[in-house]
Amino acid sequence: MAGAAATLRSKADGPAVSSAKSLDEPRVLLIKAKGGLGNRMLSAVTGVILAQLGNRTPVIDWRDGMYVPEGVNLYPRLFADPIGLDAGCFDRHEAVTPAIWAGRLNEQPVNIIARHFPKQHSSPFVYRRLSVPLSGSDPAAPVGVFWSYLPKLARLRGRMRADRQFAGRDLDSITRDTLDEFFTPNDRIRRAVDALFVGRRRPVIGVHIRFTDRKVPLPRIARALGRLRARLPDSDIFLATDSATAQDHITSRFDRVFTIDKHLVADGQALHYAGTTMADPLREAENAMIDMVALARCDWLIHSRHSTFSVAASLIGGIPARRQIDVERFNAKVVVKRWFQAYA
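Okay, so the sequence shown: first residue is 1 according to UniProt numbering, each after it adds one.
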């Protein structure tokens, strides 16, 4: 665990690792997850920033059974881990905050919620019971836990303004830098994305459609794409979707659409929870990341900002707002819900 006792450094000097009192007592923040890749990546960004604010080492712990067997950490299988600490090293720690995790850090939020808060699986506030506080001073316990279904950087805004690491920087740039540092995809993902764009004409219009468990309106996507293609007639279109229905809808209406070869599930079922039907779930997790990184490489993005997957792609790629078309930007229900979730 020597890597846990390092001085906090700037991004230019390497990964941010918090200092510890001694090699025997590292101060760490285990960052757990629940939900799809976009949710857990943006939530983990909040956890990393929270760890840095509290002078802790962030350790991303995705052992909840998404895409890989429960107990296996998905995170280092998809990304280059700049910290390199095994989350399992802390499983039996008793000096933990919140205390509900003491001696059971091998478990995941879904287990704790099922046992202690069975009626609050969908509560926007239940994460507060399972996480170190976002406001106030950092607790004394050497091991802390953070989890949230959605990113909570808005709730850290005041603490970041007072910290010279983050003062004067906007949330998008902080998120983008953290994604770059902690979510560099593995070699297969990077090679596959590079191959997709070899010889590709520009501009490329990226289209993201989540259409299984949370349906984005297809006619609205198609109309937005039609208007943009009319402005950019020489453009190619990259389509990232989880649904054969959505893919057929777009490819039957537009030419020069390219996609990756991947598993598509029946409507109504989230792709990341369909692991038992996949021949190679880890390969499909990599395929999801290929989609995300490919969207990030596009010049334009048509999507719903209600999807954390496409939001993560836009941040990774630094796609400016003027080249993003949010098909639900005038949906008051979605806008209000997104605002509420950010501050809940």
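From the three backbone atoms N, C-alpha and C, an ideal C-beta is built for every residue, glycine too.
* Asked: In chain order, which continuous runs of the beta strand (DSSP E) of length 3 or greater are located wholly inside the segment 151-233?
  -> 204-209
* So, is His208 buried or exposed, given that buried needs 16 or more other C-beta atoms within 10 angstroms? -> Numbered from 1 along the sequence shown, position 208 holds the residue referred to as residue 208. Counting the other CB atoms within 10 Å of its CB gives His208 a total of 16 or more, which places it among the buried residues.
* **Rounded separation between Ala246 and Asp163 - CA only** => As a first step, residue 246 is located in the sequence shown; it is residue number 246 there, counting from the start. As a first step, residue 163 is located in the sequence shown; it is residue number 163 there, counting from the start. Distance between the alpha carbons of Ala246 and Asp163 is about 45 Å.
* **Where Asp261 sits in the DSSP three-state scheme** => If you number the sequence shown from 1, residue 261 lands on position 261. Residue state, collapsed to three classes: coil.
* Contacting residues, own chain, Cβ-Cβ under 6 Å from Ala224 (five flanking each side not counted) -> Residue mapping note: residue 224 aligns to position 224 of the sequence shown, counting from 1. Residues of the same chain with a CB within less than 6 Å of the CB of Ala224, apart from the 5 flanking positions on each side, are Ile302, Ile325 and Val327 in chain order.
* Asked: Quick one: what's got a C-beta closer than 7 Å to His116's C-beta in the same chain, skipping five residues either side?
  -> One-based indexing of the sequence shown puts residue 116 at position 116. Hits under 7 Å: Ile100.
* To do: Check the DSSP bridge columns for Thr241 and list the partner residues they point to.
  => Here residue 241 corresponds to residue number 241 of the sequence shown, with the count starting at 1. BP columns for Thr241 point to Ile209.
* Sequence-distant residues of its chain with Cβ nearer than 6 Å to Asn106 (five each side left out) -> In the sequence shown, the residue the question calls residue 106 occupies position 106. The residues are Asp91.
* To do: Give me whichever residues DSSP pairs with Pro58 in a beta bridge.
  => One-based indexing of the sequence shown puts residue 58 at position 58. Paired residue(s): Leu29.
* Which of the three DSSP states, helix, strand or coil, is assigned to Ile325? -> To locate residue 325, count along the sequence shown from 1; it is residue 325. Ile325: strand per DSSP, three-state reduction.
* Name, in chain order, the residues that DSSP records as bridge partners for Val126. => Within the sequence shown, the letter at position 126 stands for residue 126. Val126 pairs with nothing; no bridge assigned.
* Asked: Excluding the five sequence neighbours on either side, which residues of its own chain have a C-beta within less than 7 Å of the C-beta of Ala344, listed in chain order?
  -> Locating residue 344 in the sequence shown gives position 344, where the first residue counts as 1. Answer for Ala344: Pro124 and Phe125, listed in chain order.
* Asked: Counting along the chain, where does the alpha helix (DSSP H) carrying His116 start and finish?
  -> The residue labelled residue 116 in the question sits at position 116 within the sequence shown. Taken as a continuous stretch (DSSP letters only), the alpha helix (DSSP H) holding His116 covers Pro109 to His116.
* To do: Have a look at Lys262 and Ala80 and give me their C-alpha separation to the nearest angstrom.
  => As a working mapping, residue 262 is identified with position 262 in the sequence shown. As a working mapping, residue 80 is identified with position 80 in the sequence shown. Cα-Cα distance, rounded: 23 Å.
* Asked: Should Leu30 and Val59 be called a contact, given that it needs their Cβ atoms to be closer than 8 Å?
  -> In the sequence shown, counting from the first residue as 1, residue 30 sits at position 30. In the sequence shown, counting from the first residue as 1, residue 59 sits at position 59. Closer than 8 Å, so yes.
* Cross-strand partners of Gly144 (DSSP beta bridge) -> Walking along the sequence shown from the start, residue 144 turns up at place 144. Looking at the DSSP assignment, Gly144 forms a beta bridge with Leu29 and Thr97.
* Between Ala288 and Leu50, is the Cβ-Cβ spacing less than 8 Å? -> What you label residue 288 is simply residue 288 of the sequence shown in a count that begins at 1. What you label residue 50 is simply residue 50 of the sequence shown in a count that begins at 1. The answer is no: Cβ separation not under 8 Å.
* Can you grab the Cα-Cα spacing for the pair Trp147 / Ala230, in whole Å? => Against the sequence shown, residue 147 aligns to sequence position 147. Against the sequence shown, residue 230 aligns to sequence position 230. Roughly 44 Å separates the two Cα atoms.
* To do: Look up Ile302 in the DSSP assignment and say whether it is helix, strand or coil.
  => The residue you call residue 302 lines up with position 302 of the sequence shown. Three-state DSSP puts Ile302 in a strand.
* Looking at Asp242 and Arg210, is the spacing between their C-beta atoms short of 8 Å? -> Position 210 of the sequence shown, counted from the start, is the residue given in the question as residue 210. Position 242 of the sequence shown, counted from the start, is the residue given in the question as residue 242. In this structure, Arg210 sits near Asp242, with a CB-CB distance shorter than 8 Å.
* To do: Could you name the residues of the same chain whose beta carbon sits closer than 7 Å to that of Ala12, not counting the 5 residues immediately before and after it, in chain order?
  => Here the question's residue 12 lines up with position 12 in the sequence shown. Low confidence applies to Ala12: its pLDDT is 39, below 50, so where it sits in the model is not reliable enough to give any reading.
* Rounded straight-line distance, which links the Cα of Ala102 to that of Glu94 -> Mapped onto the sequence shown, residue 94 falls at position 94. Mapped onto the sequence shown, residue 102 falls at position 102. Between Glu94 and Ala102, the C-alpha separation is close to 4 Å.
* Quick one: Cα of Ala141 to Cα of Leu42, how far? -> Position 141 of the sequence shown, counted from the first residue, corresponds to residue 141. Position 42 of the sequence shown, counted from the first residue, corresponds to residue 42. Using only the alpha carbons, I get a separation of about 25 Å.
* To do: Please confirm if the segment 289-308 is in contact with the segment 181-194, defined as three or more CB-CB distances below 8 Å between the two stretches.
  => A contact between stretches requires three or more CB pairs, one per stretch, nearer than 8 Å, and the segment 289-308 meets this requirement with the segment 181-194.
* Asked: Just to confirm, are Thr175 and Leu53 a CB contact at a threshold of 8 Å?
  -> Along the sequence shown, one-based indexing puts residue 175 at 175. Along the sequence shown, one-based indexing puts residue 53 at 53. Not a contact, by the Cβ cut-off of 8 Å.
* Look up Asp236 in the DSSP assignment and say whether it is helix, strand or coil. => Translated into positions along the sequence shown, residue 236 becomes position 236. It is a strand residue.
* Keeping to the same chain, check which residues put their C-beta closer than 6 Å to that of Arg159; ignore five residues upstream and five downstream. => Start at 1 with the first residue of the sequence shown, and residue 159 comes out as number 159. So the list reads Leu53, once near-sequence residues are dropped.
* Taking only the alpha-carbon atoms, compute the straight-line gap between Lys333 and Thr308 and give it to the nearest angstrom. => As a first step, residue 333 is located in the sequence shown; it is residue number 333 there, counting from the start. As a first step, residue 308 is located in the sequence shown; it is residue number 308 there, counting from the start. Rounded to whole angstroms, Lys333 to Thr308 spans 17 Å at the Cα level.
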